[in-house]
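Residue numbers (this note's numbering): 5 to 146.
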């Protein structure tokens, strides 16, 4: 397991915790944690990039929609990110993530699948912003 996230105790699913100096860093680490739980992150090379824009009506829906975008890309094999730049902003009443994922498409034999993630959930989701950074926790349905 990578050291940039922790798996917290939960009966049957993956309860993930990430910490960062900023909300953007937490979102980036959360997205990469989803990838690493599904595919060996070290096997992915940053040979191309994909621009992504995701919206939410609050930070929780923004995190959910962002992680769902990562999940769909990885599950489909369309794109496996190994790093990402994340910017969070406001657009009127909405919150927006503008991100650039660096990675590659799935290659059989190169990328080792680990665990199937069925869905991102709102259950136990937390976003805690502090003076010195933030903590994000979320549950993945396995």
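The C-beta atom is built at its ideal place from N, Cα and C for all residues, glycine as well.
Legend entry - CA-to-CA distance, residue 11 to residue 112, given in whole angstroms: The straight-line gap separating the alpha-carbon atoms of residue 112 and residue 11 is approximately 27 Å.
Legend entry - Nearest-angstrom Cα separation, counted from residue 40 out to residue 5: Per-residue confidence for residue 5 stands at a pLDDT of 48, beneath the threshold of 50, marking its modelled position as unreliable; no derived number is given.
Inset, instruction - Decide if residue 96 is buried, meaning its Cβ has at least 16 other Cβ atoms within 10 Å, or exposed. - result: By the neighbour-count criterion, in which 16 or more other beta carbons inside 10 Å mark a residue as buried, residue 96 falls on the exposed side.
Inset, instruction - Take the Cβ of residue 118 as the centre, count every other Cβ of all protein chains shown within 10 Å, and call the residue buried at 16 or more, exposed below. - result: Counting Cβ neighbours within 10 Å, residue 118 comes out exposed, since fewer than 16 surround it.
Legend entry - Residue from 30, 106 and 132 with nearest C-alpha to residue 88: Considering only alpha carbons, the answer is 106.
Legend entry - Close-in-space but distant-in-sequence residues of the same chain around residue 50 (CB under 7 Å, 5 per side omitted): Cβ within range, chain order: 86, 87, 106 and 107.
Legend entry - Counted within 10 angstroms of its Cβ, other Cβ atoms place residue 127 as buried (16 or more) or exposed: So residue 127 counts as exposed.
Legend entry - Member of 83, 59, 129 and 29 whose CA lies at the smallest distance from the CA of residue 109: Considering only alpha carbons, the answer is 83.
Inset, instruction - Could you please give the first and the last residue of the uninterrupted alpha helix (DSSP H) stretch that includes residue 40? - result: Residue 40 -> alpha helix (DSSP H) spans 27 to 42.
Legend entry - Under the three-state DSSP convention, the category residue 97 falls into: Coil, per DSSP.
Inset, instruction - Look at residue 91 and residue 55 and say whether their C-beta atoms are less than 7 Å apart. - result: Cβ atoms of residue 91 and residue 55: not closer than 7 Å.
Inset, instruction - Go through its chain and collect everything with a Cβ distance to residue 34's Cβ below 8 Å, but skip five positions before and after it. - result: Once the five neighbours on either side are set aside, the close Cβ partners of residue 34 are 9, 20, 22, 67, 70, 71, 140 and 142.
Inset, instruction - Sort 114, 122, 74 and 60 by Cα distance to residue 47 and report the nearest one. - result: Considering only alpha carbons, the answer is 114.
Legend entry - Euclidean distance between Cα positions of residue 45 and residue 16: If you draw a straight line from the Cα of residue 45 to the Cα of residue 16, it is about 23 Å long.
Legend entry - residue 42 versus 116, 136, 65 and 131, residue with shortest Cα-Cα distance: Per the Cα distances, 116.
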